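Asks:
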Amino acid sequence: MKNLRSLNNPYRDDKVFEGCAIFALLNQAGRNVSGEPVFRAISNMRNRGNGLGGGFAVYGIYPEYAEHYALQVMFDDPLAREEVESYLKGRFEVADEEEVPTRKTQAVIHPPQVFRYFLKPRAGWMDDVTEDERVIRAVMDINIGIKDAFVFSSGKNMGVFKGVGHPETIAEYFRLDEYRGYLWTAHSRFPTNSRAWWGGAHPFSILDWTVIHNGEISSYGINRRYLEMHGYACTLETDTEVLAYIVDLLARRQRLPMSLVTKIMAPPLWEEIERMKEPERSELIKLRQIYSSLLVNGPFACVIAHHGEMIGLNDRIRLRPMTAGIGGENLYISSEEASIRLVCPELDEFWSPQGGDPIVGRVKPESPEIFEPARPEVSDEDRAGLKAGGRV
Amino acid sequence: MISNPNMDIDNLELETRNLKPPTARLARVDARGLDYRELNRRVDELLASGAGEIEIRGVHGQRYIASRVRRPVSFRIHGTPGNDLAAFSDGVRLEVFGDAQDGVGNTMNSGEIIIHGRAGDIVGMGMRGGRIFIRDEVGYRTAIHMKEYGEQRPVIVIGVMGQDFLGEYMAGGVVVILNLPPRNPKSFSRPPAFIGTGIHGGKIFFRGKLEPYQTGKEVGFDRPDEKEMEFLSGIIRDYSNYFGLNLAQVVPDDFIKLYPKHLRPYGRLYAY
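Here's what the structure looks like:
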């Protein structure tokens, strides 16, 4: 007799495996490139996701508005759009606005509207803080205060495109084949601890910082409470959100170099610190004491990106896979080596870093297309000001 | 009845059908663009028709290749095979011309896997027999909970080095680390640590020196005895032959032996 169960479920996938997939490409010369290899690479890891979340962050896509913040906002309800637009128009000069172009894609069901606004803060609104701080305030106000509206991204000359579906589906829906960027990150989601919705897909972002992540952040509660004290509201129901805010707080606001930021998020174990020589030992002890609430615990592999720089980071005992390769001008980071070799068979360098050892990719500073150079190493002055910093 | 949900129904039926015995026939498969299920279905068809040697080209991350195959057949794989390569395999001889990913030889029972490149995490997880030779380095948690019983004694040989937690909770078998110069040096920004954490069976032979902090506290150190030196000579010879390398500088005298100090390290922790 025919096994009826096998007709409905021919592969007997009644138990599902895997976590998410991450893939990232940085053109280290700063040249804008097509996302085609990224789409191919992430869809090669289709088994790692389950179609409940896919997304991309792309840098260098809006050169005509490079000096404007590009706010990409998702609306579950047309009324929310009116509310957001009246909020924005009171506080920002809006140079341009449009619906993010999409194409009819069969696998995309009930998509929300996504609009983008190119804007600069108006004089007279929160003049006492930087433009960046004003944009963060607007993002938080919209995310907390306006029902059915969520900001996908808010950086200059970059954008986040994400939704419920496999990443290749999302790429097709948002017509990402028509964009060119020098830095692409891609994520395929397999939600385990929270529901699948458009805002919950990766990347998560604030200003031009974006994060894609595979794993679980067991320290989410501690991280979240600390971030809330610094004005970041976690509204997207997913642990990954805290990574974006941690990096914004440490790297942008407190001006720590990424080498320290990664050591705060994934510090060496205490026994390792004990074996270190001075002054490294004392510095790490200080970091762990000052920033104990920003230690990211649990298994994770993530890629943090902003203009000019891309960082891959694992938890300290590498409980999630991550590999990296360099081929020609491109640096690749991937959950699986096969995806890198699929799009770049001849690699000049390949490695799989130990837990907590970051993969650091930077655009060469002389690159013409980057409007914001990679952040300089922190100066003594900044280091001294570190203690005072950190409050909105 | 096997209940691994990854195996499709057709595969399970294969088990019970009257299969043709493997012959010397060589079969070729082009894996480009194939989903892992489609690829493995084709491989199973070839096995059923008596192919004794299967060459797969253009592999790009497809999982479970040669998994659950229980016949004395040989595979030659070109490209980058995906996770769980030759998992649960029994009697297969498999060569990879390229790198392998995570879970190579997961719960493998017998046979031999030779990787002309590196491999990812958890190589030989729960392995119960057979041998795995890896030319370059391996990722985290190699030989995690590898075991042995009677004649069944798995062996993993690593040309370069394993990352942290090698031999974690190891319960049997042998791991040999030749500590040759790394091919991907960025994978070792610090010396590997936590070697043999929780080990309670088996042995690890390591060429060179280890600082005490690099191993778990359940690990004892010793020099290999004469019989073990002989075993190591054979391993070095096989490794050189498989990968066409001249390893005159590698001699059994340079190895240290790591062994479990206790057979039940957590006896007092978990048992009452």
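Same order as they appear, the protein sequences are chains L and R.
Heads up: the first sequence begins at 25 in the working numbering, then just goes up one per residue.
Heads up: the second sequence begins at 4 in the working numbering, then just goes up one per residue.
By construction, the Cβ of each residue, glycine as well, lies at the ideal position given by its N, Cα and C atoms.
None of the values given here were measured: they were computed from a predicted structure.
1) I believe L:I364 touches L:G205 by the beta-carbon criterion, under 8 Å. Please report the beta-carbon distance rounded to the nearest angstrom.
2) Could one say the Cβ of R:R79 lies closer than 8 Å to chain L's Cβ atoms, at least one of them?
3) According to the Cβ coordinates, are L:C44 and L:H211 closer than 8 Å?
4) According to the Cβ coordinates, are R:V72 and R:P84 closer than 8 Å?
5) Exposed or buried, L:R186, counting other C-beta atoms within 10 Å across all chains shown (16 or more means buried)?
6) So, under 8 Å CB-CB, L:V320 and L:I241 are touching, yes? Tell me the CB distance rounded to an integer number of Å.
7) Can you list the residues of chain L that R:K357 reaches, using a CB-CB cut of under 9 Å?
8) Flag this pair as touching only if the stretch 115 to 125 of chain L and the stretch 144 to 160 of chain L have three or more C-beta atom pairs under 8 Å; answer yes or no.
9) Does the count of Cβ pairs from the stretch 91 to 104 of chain L and the stretch 171 to 184 of chain L closer than 8 Å reach three?
10) Take the Cβ of L:T154 as the centre, count every other Cβ of all protein chains shown within 10 Å, and call the residue buried at 16 or more, exposed below.
11) At what residues does the beta strand (DSSP E) containing R:R60 begin and finish?
12) Buried or exposed for L:M253, going by 16 or more other Cβ atoms inside 10 Å?
13) Taking R:I159 and R:V178 to be in contact with their CB atoms under 8 Å, please state how far apart those CB atoms are, rounded to whole angstroms.
14) Closer than 7 Å by beta-carbon distance: list the chain L residues that pair up with R:Q104, in chain order.
15) Keeping to the same chain, check which residues put their C-beta closer than 8 Å to that of R:P263; ignore five residues upstream and five downstream.
16) Count the C-beta pairs between the stretch 63 to 83 of chain L and the stretch 121 to 129 of chain L that are closer than 8 Å, then say yes if the count reaches three, no if not.
17) Quick one: does L:C44 have its CB under 8 Å from some CB of chain R?
18) List the residues of chain R that L:P345 touches, going by C-beta distances under 7 Å, in chain order.
19) Would R:H63 count as contacting chain L if we go by Cβ distances under 8 Å?
20) Helix, strand or coil: which one does DSSP assign to L:S229?
21) L:L231 and L:G59 - do their beta-carbons sit closer together than 8 Å?
22) Would you please state the rounded distance, in angstroms, between the beta carbons of L:I288 and L:L311? I believe it to be under 8 Å.
23) What residues from chain L crowd round R:D167, counting only those whose CB sits closer than 9 Å?
24) L:A48: which of L:G379, L:W375, L:N354 sits nearest, CA to CA?
25) Using a Cβ-Cβ cut-off of 8 Å, state whether R:G142 counts as contacting chain L.
26) With 8 Å as the threshold, decide whether the Cβ of L:W222 is near any Cβ in chain R.
27) What three-state label does DSSP hand L:R340 in the structure shown?
28) If you draw a straight line from the C-alpha of R:N109 to the C-alpha of R:I125, how long is it?
29) CA-CA distance, R:F197 and R:P268?
Replies: Once the coordinates are examined:
1) Within the first sequence, residue 364 of chain L is the residue found at index 340, counting from 1. Within the first sequence, residue 205 of chain L is the residue found at index 181, counting from 1. Not really, about 18 Å apart at Cβ, beyond 8 Å.
2) The count along the second sequence starts at 1 and reaches residue 79 of chain R at position 76. No, R:R79 lies away from the interface with chain L (no Cβ there is under 8 Å from its Cβ).
3) In the first sequence, counting from the first residue as 1, residue 44 of chain L sits at position 20. In the first sequence, counting from the first residue as 1, residue 211 of chain L sits at position 187. Cβ atoms of L:C44 and L:H211: closer than 8 Å.
4) The sequence position of residue 72 of chain R within the second sequence is 69, counting from 1. The sequence position of residue 84 of chain R within the second sequence is 81, counting from 1. Contact: no.
5) As a first step, residue 186 of chain L is located in the first sequence; it is residue number 162 there, counting from the start. Reading off the sequence shown, one finds Lys at residue 186 of chain L, where the question assumed Arg. That one is buried.
6) Here residue 320 of chain L refers to the residue found at position 296 when the first sequence is read from its first residue. Here residue 241 of chain L refers to the residue found at position 217 when the first sequence is read from its first residue. 6 Å between Cβ atoms; contact.
7) Any answer about residue 357 of chain R is impossible in this case: the structure gives chain R only from 4 up to 275.
8) yes
9) yes
10) For this step, residue 154 of chain L is matched to residue 130 along the first sequence. L:T154 is exposed by the Cβ-count criterion.
11) Walking along the second sequence from the start, residue 60 of chain R turns up at place 57. Segment 56 to 63, the beta strand (DSSP E) holding R:R60.
12) Here residue 253 of chain L is taken as the residue at index 229 of the first sequence, counted from 1. Label assigned to L:M253: exposed.
13) The residue labelled residue 159 of chain R in the question sits at position 156 within the second sequence. The residue labelled residue 178 of chain R in the question sits at position 175 within the second sequence. The pair is a contact, with the Cβ atoms about 5 Å apart (cut-off 8 Å).
14) Here the question's residue 104 of chain R lines up with position 101 in the second sequence. By Cβ distance, chain L contributes E360, E361, A362.
15) The count along the second sequence starts at 1 and reaches residue 263 of chain R at position 260. Closer than 8 Å at the Cβ level, and outside the excluded window around R:P263, lie M173, G199, I202, H203, G204, G205, E221, V222, G223.
16) no
17) On the first sequence, position 20 is the one that residue 44 of chain L refers to. So, not an interface residue.
18) Position 321 of the first sequence, counted from the first residue, corresponds to residue 345 of chain L. What L:P345 touches in chain R: D105, G123, D124.
19) Taking the second sequence and counting its residues from 1, one reaches residue 63 of chain R at position 60. So, interface residue.
20) Sequence index remark: in the first sequence, residue 229 of chain L carries index 205 (1-based). Correct three-state label for L:S229: strand.
21) Taking the first residue of the first sequence as position 1, residue 59 of chain L is located at position 35. Taking the first residue of the first sequence as position 1, residue 231 of chain L is located at position 207. Contact flag unset, no.
22) Here residue 288 of chain L is taken as the residue at index 264 of the first sequence, counted from 1. Here residue 311 of chain L is taken as the residue at index 287 of the first sequence, counted from 1. Rounded, the Cβ-Cβ distance is 6 Å, consistent with contact.
23) The residue you call residue 167 of chain R lines up with position 164 of the second sequence. The answer, in chain order, is I341, R342, Q378, G379.
24) Position 24 of the first sequence, counted from the start, is the residue given in the question as residue 48 of chain L. Cα-wise, what sits closest to L:A48 is L:N354.
25) Numbered from its first residue, the second sequence carries residue 142 of chain R at position 139. So yes, R:G142 belongs to the interface.
26) Position 198 of the first sequence holds residue 222 of chain L. No, its Cβ sits nowhere closer than 8 Å to a Cβ of chain R.
27) Within the first sequence, the letter at position 316 stands for residue 340 of chain L. Coil at L:R340, not helix or strand.
28) As a first step, residue 109 of chain R must be located in the second sequence, where it is residue number 106. As a first step, residue 125 of chain R must be located in the second sequence, where it is residue number 122. Those two C-alpha atoms are separated by around 8 Å.
29) By one-based count along the second sequence, residue 197 of chain R stands at place 194. By one-based count along the second sequence, residue 268 of chain R stands at place 265. When rounded, the distance between both Cα atoms is 15 Å.
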